[in-house]
Amino acid sequence: DLRSMIEQTLAMIITPDQQLIEKGQTQLQALELLDKYTLALTEISVDHTRDISIRQLAGVLLRKYVNKHWTRDIENFVEPEVPD
Numbered sequence: 012d013l014r015s016m017i018e019q020t021l022a023m024i025i026t027p028d029q030q031l032i033e034k035g036q037t038q039l040q041a042l043e044l045l046d047k048y049t050l051a052l053t054e055i056s057v058d059h060t061r062d063i064s065i066r067q068l069a070g071v072l073l074r075k076y077v078n079k080h081w082t083r084d085i086e087n088f089v090e091p092e093v094p095d
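In terms of the numbering used here, the sequence shown is residues 12 to 95.
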């Protein structure tokens, strides 16, 4: 399931292993293109049973996603636009 994949990827990013961090960042770039990406990040960030560092990273990534993809009218817009 997408949420589990994202959680595993976030766990890779917060490790001290540089190779895992790079692999996780690459995976996130691919996952970011999926329609349910933002929903999964939201669910992870509010799930109090999850590790706080994973929840915080999910929240930061969600904010960054919204800032880049919310609407074509913003200056630094990047495809894809957030779906209705």
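For glycine and all other residues, C-beta sits at the position ideal for the given N, C-alpha and C.
Ignore the nearest five residues each way along the sequence and tell me which others in residue i's own chain have a CB closer than 7 angstroms to its CB.
i          : result
residue 69 : 21, 52, 55 and 56
residue 43 : 76
For residue i, does the count of other Cβ atoms within 10 angstroms reach 16, so buried, or fall short, so exposed?
i          : result
residue 66 : buried
Residues in its own chain within less than 8 angstroms of residue i by CB, not counting five upstream and five downstream?
i          : result
residue 36 : 24
Rank the options by C-alpha distance to the C-alpha of residue i and give the top, closest one.
i          : options           : result
residue 63 : 38, 18 and 13     : 18
residue 16 : 30, 28, 39 and 27 : 39
Looking at residue j and residue i, is the spacing between their C-beta atoms short of 7 angstroms?
i          : j          : result
residue 13 : residue 47 : yes
How is the alpha helix (DSSP H) around residue i delimited, first residue to last?
i          : result
residue 13 : 13 to 24
residue 60 : Residue 60 -> no alpha helix (DSSP H), and no H or E assigned at all.
residue 33 : 29 to 42
Who are the Cβ neighbours of residue i in its own chain at under 6 angstroms, not counting the five residues just before and after it?
i          : result
residue 32 : 24
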